[in-house]
């Protein structure tokens, strides 16, 4: 059994091999078929409303396809930097960061990219990277600001990883139950820029 997963990069998706006997739309039950889940669109029916944040909603409204690909917008590398920017902007507006100071760059969509998030989360040089990135955004961060920004990056990254893990667990649970197994042995293949470059 092989399950292929495209973890967050620019987008996210997963496919898996399903026994034909479990596919109602196709006649015959011999062999297997590759199922493309298009899981980036999960939540477009409202299923994720309980866990979407104000930042997810703001990002979605400003996107090229509002109301579409909602799961992808919560987990993929294309959007992670923008989610971090929106959170930092809100924290600055309410006085939790940078002494309440905001820069024009912090107000500008796309100024924090996912590569910045990855750089800020690096184990040894993350704090120095964070300071440099924030200064380049026209901010004057304190050490505690830098630590808080790193924590925001970590929270956004971990949420992405946890949501992907939950979606993958759902697929694996389906496979195990369809095969009536107590334990499923399988291989999961992963690829994607975020998976390759993110330090965590």
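In the UniProt record's numbering, the protein residues as written are 1 to 200. Where is the CB? At the ideal position from N, CA and C, for every residue including glycine.
Of the residues assessed, residue 112 falls on the buried side of the cut-off, its CB having 16 or more other CB atoms within 10 angstroms. The criterion of a C-beta distance shorter than 8 Å is not satisfied by residue 118 and residue 133. Under the criterion of beta carbons closer than 8 Å, residue 105 and residue 137 qualify as touching, at roughly 4 Å. Under DSSP, residue 32 shares a beta bridge with 19. Beyond the five residues adjoining it in sequence on each side, residue 41 comes within less than 6 Å, by CB distance, of 69 in the same chain, given in chain order.
For residue 126, the secondary structure class from DSSP, reduced to helix, strand or coil, is helix. Unbroken alpha helix (DSSP H) runs of no fewer than 4 residues, entirely contained in the stretch 34-104, are found at 54-61, 70-75, 77-93, following chain order. If you check the CB distance, residue 135 and residue 88 do not come in under 8 Å. With 16 or more other CB atoms across the displayed protein chains lying within 10 angstroms of its CB, residue 74 is buried. The beta carbon of residue 145 sits closer than 6 Å to the beta carbons of 97, 98 from its chain, once the five residues preceding and following it are set aside; these are given in chain order.
Taking residue 176 as reference, the option from 19, 14, 11, 13 with the minimal CA-CA separation is 19. A straight-line Cα-Cα distance of about 44 Å links residue 86 and residue 182. Of the other Cβ atoms in all chains shown, 16 or more fall within 10 Å of the Cβ of residue 13; this residue is therefore buried.
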